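Take 40 as the starting number for the sequence shown in this note's numbering and just add one per residue. From the three backbone atoms N, C-alpha and C, an ideal C-beta is built for every residue, glycine too. All values derive from a computational prediction rather than experimental measurement. This report concerns only the one structure given below.
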Amino acid sequence: MSYSDDVIARVKAKNPDQPEFIQAVTEVIDSLRLVVDNDPKYEENAILERMTEPDRVIMFRVPWIDDNGKVQVNRGIRVQFNSAIGPYKGGLRFHPSVNLSIIKFLGFEQCFKNSLTGLPIGGGKGGSDFDPKGKSDREVMAFCQSFMTELAKYIGSDIDVPAGDIGVGGREIGYLYGQYKRVTGLATPGVLTGKGLTYGGSLARTEATGYGLVYLVQELLKDRGDSLDGKTVAVSGAGNVAIYAIEKATQLGAKVVTCSDSTGWVYDPEGIDLAALKEIKEVNRARLTEYKKYRPNSEYHDGRGVWQIKVDIALPCATQNELFLEDAKQLVANGCKVVAEGANMPTTMDATEYLQKNGVIFVPGKASNAGGVATSALEMTQNSERLSWTFEEVDAKLQQIMVNIYHNIDNAAKEYGVAGNYVAGANIAGFQKVADAMLAHGIV
Ligand code: NDP
């Protein structure tokens, strides 16, 4: 049995109740075969065994009192996966679906994504099965304070730096930071990222993931003597990543003709009106059904369907598993040339394979949405310097990071004889830096 197959089998045997974690490990190790099965040092040093076992898992009780005076108890989790290249870094997710398998899958993936940014950040992830939806501000604050009272023992600006994720936005980060300060006595803004601008947040963090996605696509096209100018683009989602992907793509001369939310989707043949979209989603927190009021010539459809539209480029920016095999077939039939993921894991495995086999350039989120965490790392740098950079400075650094990520994954794919396979390129490039650091540190 090859080294890679042996490790996959061991991870499955050790974690039978963690399907998402097993899936992520299998996918990553599958594309590392060319590297790890051809050089004995990885097996001799048990690099894959060590990479698939988190440094530590912290699981804790989070008691809090709801508005009816009733005591509620949630579970808190922080997985500190790998700190070979820097402090653990990764978001906190508050959602009822959160469990150890999902947090381990996200933490494992985060190690490779963070490595790809070129910045010194290790991988971690955390969260709780608490659902902020429908809770009062006071309840959210009570939960966040209890969660942080325990988590504060394990984090720090040189140890582990959490950020937001699903269910954890500016409000939650504010409450978490306030309690961190209170229980530790440390006014260290670098302990969390995604902070408000009044207490150590970074300009351009809001835009970073969407902008970064488009910067990477821009470089990929430039490398082929092409550009975004005049291209037609389909975007899914209408949240943070989608809005700023639409904004940057439009600024660079593309026409984005779709967006969606969890109830329906919009087709605007004249190009999405960004001011209208921001007003609907960011100001009014309303549904996309409102869009037609601003743009009478647009179409609104219930359900899903953005991938039916004939476009040159598709950017899935909504959620996991939202671009299926039948969508991939439709995109190929319509002549789509590039699919780059803004969301985490929006494309199913069979859809990814179909796109790759049919000549579509496919960029996995691990590479193309890394602009968010990269800008979080820039927030940490500003906190360490006790300085705030201008929007333009942060944006220029973000752009350079995305250009570097593209060439890094492109070169890794070429070097291992799978030119243009950016799934393999991203996994190999992300892996190599972490593995080299682990080899340098000895058996720890
Ligand atoms: P938001 O919550 O801001 O937006 C998500 C958007 O997707 C919403 O418009 C939501 O609609 C929509 N959506 C959700 N489910 C579906 C569905 N089944 N079909 C169509 N639309 C749907 O999240 P973000 O924009 O921040 O995140 C989007 C993705 O990007 C996630 O996978 C996230 O993990 C990933 N990501 C985000 C980063 C960031 O910096 N924000 C960084 C890296 C990755 P509705 O409003 O109806 O719920």
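Boundaries for residue 324: no alpha helix (DSSP H) harbours it, and the DSSP string shows neither H nor E there.
Taking residue 240 as the centre and dropping the five residues before and after it, the same chain places the C-beta of 234 closer than 6 Å to its C-beta, in chain order.
Distance from the CA of residue 428 to the CA of residue 132, rounded to the nearest whole angstrom, comes to 28 Å. The residue from 424, 398, 437 with its alpha-carbon nearest to that of residue 414 is 437. A Cβ-Cβ separation of about 6 Å places residue 181 in contact with residue 104 under the 8 Å criterion.
Residue pairing of residue 89 in beta bridges, as defined by DSSP: absent, with no partner found. Taking residue 442 as reference, the option from 157, 70, 149 with the minimal CA-CA separation is 157.
Boundaries for residue 354: no alpha helix (DSSP H) harbours it, while the beta strand (DSSP E) harbouring it runs 352-355, taken from the DSSP string. For the pair residue 91 and residue 50, the Cα-to-Cα distance works out to about 7 Å. Residue 346 and residue 370 have their C-alpha atoms roughly 6 Å apart. Look at residue 153 here: in three-state DSSP terms it is helix. Taking a C-beta distance under 9 Å as the contact criterion, residue 397 and residue 353 do not qualify as a contact pair.
With a threshold of 16 other beta carbon atoms within 10 Å, residue 77 falls short and is exposed.
Taking the Cα of residue 351 as reference, the smallest distance to any Cα among 374, 344, 336 is reached at 374. In terms of Cβ geometry, residue 55 and residue 129 do not form a close pair [threshold 9 Å].
Straight-line spacing of the CA atoms in residue 101 and residue 334 works out to 47 Å. One thing to note: residue 405 has its Cβ within 9 Å of the Cβ of residue 148.
Ranked by Cα distance from residue 68, the options 283, 41, 57 are led by 41. Within the model, the alpha-carbon separation for residue 391 versus residue 399 is close to 9 Å. The DSSP assignment places complete alpha helix (DSSP H) segments of no fewer than 4 residues inside the region 177-224 at 209-223, in order along the chain. In this chain, residue 317 is not harboured by any beta strand (DSSP E); it is covered by the alpha helix (DSSP H) spanning 313-317. Between residue 275 and residue 301 the beta-carbon gap is near 11 Å, outside 8 Å, which marks them as no contact. Short note on residue 205: C-beta closer than 8 Å to some heavy atom of ligand 1. When C-alpha distances from residue 282 are compared across 260, 222, 325, 356, the shortest belongs to 356. Counting only residues of its own chain and dropping the five nearest sequence neighbours on each side, residue 393 has a CB closer than 8 Å to the CB of 364, 367, 368, 371. Collapsing the DSSP output to three states places residue 121 in a strand. Just measuring C-alpha positions, the residue of 70, 344, 123 sitting nearest residue 94 is 123. If you check the C-beta of residue 161 against ligand 1, you find no heavy atom less than 8 Å away. Shortest gap from the CB of residue 328 to any heavy atom of ligand 1: 8 Å or more. Here the alpha carbons of residue 277 and residue 112 stand approximately 33 Å from one another. Look at residue 343: its beta carbon is less than 8 Å from one of the heavy atoms in ligand 1. Per the coordinates, the alpha-carbon of residue 329 lies some 40 Å from the alpha-carbon of residue 162.
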